[in-house]
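Under this note's numbering, the first residue of the first sequence carries the number 1339, and numbering increases by one thereafter. Ideal placement from N, C-alpha and C gives every residue a C-beta, glycine not left out. As the structure is a prediction and not an experimental result, all values here were calculated from the model. Have a look at the structure below before the remarks.
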Amino acid sequence: MTVDPTLLDDLEWRGLIAHSTDLDALREALSVGSVRFYVGFDPTAPSLHMGNLVQIVTAKRLQLAGHTPYALVGGATGMIGDPKESGERVLNSLDTVKDWVERVRHQIEPFLDFEGANAATMVNNYDWTASLSTIDFLRDIGKHFPVNRMLARDVVKSRLDAGISYTEFSYVLLQSLDFLNLYRDHGVTLQFGGSDQWGNLTGGVELIRRSDGGKAHAFATPLVTKSDGTKYGKTEGGALWLDPQMMSPYAFYQFWLNVEDEKVGELLRIFTFLSRAEIEDIETQHAEKPFLRAGQRALAEQVTTLVHGAEETERIQAASAALFGGGELSGLSPDTLGAALQETGSTVVDGDELPSVVDLLVATGLAKSKGEARRTVGEGGAYLNNQRVEDPEQVPSSDDLIGGRWLVLRRGKKNFAGVEVR
RNA sequence: GGCAGGUUGCCCGAGCGGCCAAUGGGAGCGGACUGUAAAUCCGUCGGCUUUGCCUUCGAAGGUUCGAAUCCUUCACCUGCCA
């Protein structure tokens, strides 16, 4: 298996290496031959999100460069939960974890290649921890972890006042054990993860050294934040989910399309497989004519294609063009409009007696309550077929139906929803 | 275990018997300006059958014409002393 010698330079250029163990040693290892590496995903939700996507995409980069991925789902670690600063986690039931493990596994699979010389392997740490006895665990693993060092970790320190359970405190041992096991049984010598995982990553490297005298590598990818430092995708809808049931591909695409200018270059480098030359070209275009938003368009297209496929992305782009095109909606063919509204989400309504605009705003989910819907109208933020609605009691007439059956509802500048009248 | 203080709307945080659906800030939402960007400014920000009604101020009781505000019990948190 020949490997791409420029891999590490590319990762660095993309800003994907926030922390690392000896970088020169890693560079050396990656240039000699196919390195077996692993990256883990804990089932803490029914779907992966944007933060996990960084790891998935990075794993794919490594595989494309000739290295061999082990994708780990945390059937065991997901039962424990790694400590987070905000406080103790609520434990999930075994059934929930099992269900989420399966979902996460299926979400990861399409991104990696499970055939060929450097085929990916899927592993579950439940397989080697479930049967492990407490005595063996404490003797073989626990002995290598000085508590004073564990206490010095930032997350742990931040929790000492508020309190931290022994369960979460022990998490690092489990993740380190994973690395040791994969090192012994599969020759895995590299682990990476998000920068919040740095302590867990080095824990494994340490354990391999102390326990087996072995040499392993680790690096951490950066936490993706907005330019004001806050987390991305932390809006009302929660995280930026990859599961189309939890976040529509349309909403997913729109998220990337609306990324702030200052972040476009960074996100293109992290999340897309566009080459350095292509990205720099886009950045130049963007700097010259920012209003064209070439960066956001490329970003949204690339990432949505990666996650939801080219066909879906084309449908979304067509829908976005139709709705944001600025032209008269009535100028669109009913089929085009119907397809567009299928992407934004639409609600079916009985044609005999049309509800008021306020009721429609609630029915489509654009407003959470009638009060909010009325307020929106009062604020001048409600639109029917791109016409501002002045009267909250307004009821659409049959003349308003586009193509005989569609109403286009909008809240604010960019939240569309369709109403199909039957 | 003793003493003192706290628990308010998405978050922080005022209120300390009626003028309280509850000051202020942040987030969110809408408008203006733009480029479906950022910054800025303005507005809005419990629900409803909306000149009024209903449910909220840790939980349950009580006092009162009337309580987020007073009393009792319970739960949790914080500080000081053991």
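Counted as a single uninterrupted DSSP element, the stretch harbouring Pro1381 is not any alpha helix (DSSP H), since DSSP gives it neither H nor E. In summary, Glu1650 is buried, with 16 or more beta-carbon neighbours lying within 10 Å of its beta-carbon over all protein chains present. Residue pairing for Gly1756: DSSP places it in a beta bridge opposite Ser1684, Val1746. About 6 Å separates the beta carbon of Trp1351 from that of Arg1614, a gap short enough to meet the 8 Å contact definition.
Counting along the chain, the unbroken alpha helix (DSSP H) around Phe1593 starts and ends at 1587 to 1595. When DSSP assignments are scanned along the region 1353 to 1420, the uninterrupted stretches of alpha helix (DSSP H) that are 4 or more residues long and fall wholly within it turn out to be 1361 to 1370, 1388 to 1402, 1415 to 1418. No Cβ-Cβ contact shorter than 8 Å links Ala1657 with Thr1685. By the Cβ test, the region 1371 to 1379 is in contact with the region 1389 to 1407, since at least three Cβ pairs between them sit closer than 8 Å. If one requires a minimum length of 3 residues, the beta strand (DSSP E) runs lying completely within the region 1466 to 1535 are 1528 to 1532, in chain order.
Here the alpha carbons of Ala1632 and Glu1600 stand approximately 13 Å from one another.
In this structure Ala1409 is in contact with Ile1446, their Cβ atoms being roughly 5 Å apart against a cut-off of 8 Å. Here Arg1607 carries a helix assignment [DSSP, helix/strand/coil]. Within the same chain, and ignoring the five residues on either side of Gly1404 in sequence, the residues whose Cβ sits closer than 7 Å to its Cβ are Met1339, Thr1340, Val1341, Asp1342, Ser1372, Asn1456. Between Val1757 and Val1700 a beta carbon distance of about 12 Å is seen, past the 8 Å cut, so the two are scored as non-contacting.
Between Ser1385 and Arg1427, the gap from beta carbon to beta carbon reaches 8 Å or more. With a cut-off of 8 Å on Cβ pairs, the region 1430 to 1437 is not in contact with the region 1469 to 1486, counting fewer than three such pairs. In the structure shown, Thr1714 falls within a helical segment according to DSSP collapsed to helix, strand and coil. In this structure, DSSP gives Arg1726 an extended state, which the three-state scheme calls strand. Distance between Leu1346 and Thr1642, taken at the CA atoms: about 26 Å. Short of 8 Å from the beta carbon of Gly1537, and not among the five residues preceding or following it, lie these beta carbons of its own chain, in chain order: Arg1491, Asp1492, Val1493, Val1510. Rounded to the nearest angstrom, the gap between the Cα atoms of Leu1667 and Ala1577 is 32 Å. A contact between stretches requires three or more CB pairs, one per stretch, nearer than 8 Å, and the region 1589 to 1606 fails this requirement with the region 1410 to 1424.
The straight-line gap separating the alpha-carbon atoms of Leu1739 and Glu1728 is approximately 18 Å. Per DSSP, reduced to three states, the secondary structure at Phe1452 is coil, with no helix or strand assignment. Taking the CA atoms as reference points, Lys1553 sits about 24 Å from Asp1465. For a cut-off of 8 Å, the C-beta gap from Leu1561 to Asp1534 is around 7 Å, short enough to register as a contact.
Between the alpha carbons of Leu1595 and Gln1634 lies a distance of about 5 Å. In this structure, DSSP gives Thr1643 a helical state, which the three-state scheme calls helix. In chain order, Val1373, Phe1375, His1555 place their CB closer than 6 Å to the CB of Leu1528, counting only its own chain and leaving out the 5 sequence neighbours on each side. Nearest neighbour of Thr1472 by Cα position, chosen from Thr1459, Ser1508, Leu1450, turns out to be Ser1508. Residues of the same chain with a CB within less than 7 Å of the CB of Ile1546, apart from the 5 flanking positions on each side, are Phe1517, Leu1518, Tyr1521, Gly1552, Ala1554 in chain order. The Cβ atoms of Gly1532 and Gly1718 do not sit closer than 8 Å to each other.
Its chain contains Val1493, Ser1496, Arg1497 as the residues whose beta carbon lies nearer than 8 Å to that of Glu1423, once the 5 sequence neighbours on both sides are disregarded; these appear in chain order. A check of alpha carbon separations from Thr1540 across Ser1514, Asp1523, Gln1393 identifies Ser1514 as the nearest. Residue environment: Pro1448 is assigned as exposed (fewer than 16 neighbouring CB atoms within 10 Å of its CB, all protein chains considered). For Asn1430, the three-state secondary structure derived from DSSP is coil.
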